[in-house]
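Presented below is the structure to which this report refers.
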Amino acid sequence: MNIHVDPKVDLHWDDSHVLPPVIYPDLEFLFQRMTEKTLDVAYRPGARFLDIGCGRAVDAAALLRKGMTGAGVELSDRMLECAQAHLADAGLQMCLVRAFGETLPFSDNSFDVVICKGALDHFFDPAHSVREMARVARPDGWVVISIANFESMGFRLGRALDRFLARFQPKRDAAPRLWDLPHDHTIRTSFPLLCQLVSPYVEIERVWGVSLFFGFPYWNIFLKRLPRPLAFGILRIIDRFASIMPFFADVLVLRGRPRRPLPARMPSGHKVPGFSPETDPAAAPGI
C-alpha cells in the first residue's frame with residue numbers, strides 16, 4: 000500500500016534531543032511516573048501486547064520481564080537499532096517491526112493489550128492510528144494511550160504569566176516555551192481532544208492524570224533548591240491530585256476497550272474536528 004507521508008514525519012527520528020542538558024526534579028518525576036503508570040495500567044499477566052512507537056523497547060522489556068509476550072512497532076530505523084541492542088543486552092527476545100502506526104501489519108484481534116506511550120502526537124494521522132490500535136486489539140483487550148497534555152495546569156499558568164510579563168517587558172526573550180508545539184508533533188493534545196479522538200474507536204474506561212505544574216515558570220528551580228527527598232515528596236503528593244483530575248495533569252493515561260463492530264475508517268485526508276497544531280485547545284468543547 001502506498002502511503003503519502005506528511006513532511007513532518009521523520010523516518011530517522013531519534014530521542015537524543017528529548018532530554019535537556021539539566022534534568023530538574025519535575026521533569027525526572029514526570030517521565031518516571033508516566034512510565035510507571037502506563038506499565039501498571041497495561042499489565043495483564045501472561046497477556047500478549049503490542050507496543051506502538053516502542054522506541055528503545057525499554058517499556059516492552061519491562062513487560063517481558065513480568066511474563067508478558069509481545070511485539071514492538073517503530074517507524075524510525077535508528078530507534079529500531081537501539082531497540083534491538085537493548086533487548087539483546089537484556090537477554091530478551093521480541094518481534095520488532097518497522098511500520099506506520101496508521102497501517103499496522105497485524106491481523107484483527109491479535110493482541111490482549113495495545114500500548115502507545117508518548118508517540119500518538121508524532122503520527123501523521125492520529126485518528127487512523129487509534130482505529131488501527133482498536134482493530135488489532137482483541138474484543139476483550141485494552142488500548143492504552145499515554146500522551147502529553149498541552150492544556151495542563153502548568154502550561155495554562157505559564158502562558159498566562161508569560162502574557163502578563165510581556166505587557167511590561169515587550170523585548171522579553173522570544174525563545175520557544177515548553178507549551179509551544181514541538182516541531183516533531185502533529186497534534187496539540189488536551190483532555191477533551193484526546194477523548195474526542197479516541198472515543199469513535201475505543202470505549203474509554205478511564206483517563207488518569209500524571210504530574211502537576213510541569214512547565215510553570217520557576218517551579219523547577221524551586222524544586223531543585225530543595226533537598227531531593229522533600230522535592231520528590233511534594234511531587235508525589237500533588238501527583239495524587241493529578242490522578243483524579245486528568246484535565247489539569249501534565250500527562251494523560253487512557254485505557255479503554257476496542258469498539259465492536261469497529262466503525263468504518265475515515266476517508267483519506269479526513270481529520271477529527273479540532274485536531275491541528277493551529278487549534279486553540281482551550282476553545283474546544285468539553286467531553
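At position 182 of the sequence shown the residue is numbered 181 (numbering that gives the first Met the number 0), and the sequence of numbers has no breaks.
C-beta atoms are modelled at their ideal positions from N, C-alpha and C, and glycine is treated no differently.
Nearest C-alpha to V209 among K223, R187, P191 and V250: V250. When the Cα atoms are used, M152 and G90 turn out to be separated by approximately 41 Å. In terms of Cβ geometry, L177 and G214 form a close pair [threshold 7 Å]. Under the three-state reduction of DSSP output, K116 falls in the strand class. No Cβ-Cβ contact shorter than 7 Å links D120 with H182. Looking at V21, V206 and R162, the one whose alpha-carbon comes closest to that of A147 is V206.
Considering only I114, S109, L156 and N219, the residue with the shortest C-alpha distance to R134 is S109. When Cβ pairs closer than 8 Å are counted between the two stretches, the segment 93–102 is seen to touch the segment 53–73, the count reaching three or more. Within a 10 Å sphere around the beta-carbon of V21 sit fewer than 16 other beta-carbons, which makes this residue exposed. Here the C-alpha atom of F231 lies approximately 7 Å from the C-alpha atom of F28.
In this chain, the beta strand (DSSP E) harbouring F48 covers R47 to I51.
Annotated three-state conformation of P125 is helix, per DSSP. The beta carbon of G100 lies closer than 6 Å to those of I51, F122 and S128 in the same chain, with the five residues before and after it left out. Residue state for W218 is assigned as helix, using DSSP reduced to three classes.
Contact check for L222 against P24 passes: the beta carbons are separated by less than 7 Å. By the C-beta density criterion, F212 is buried, having at least 16 other C-beta atoms within 10 angstroms. Separation of F105 and S242 (C-alpha to C-alpha, rounded to the nearest whole angstrom) is 33 Å.
Here I114 really is in contact with A41; their C-beta atoms are around 5 Å apart, less than 8 Å.
For the pair L253 and I144, the CB atoms are nearer than the 7 Å cut-off.
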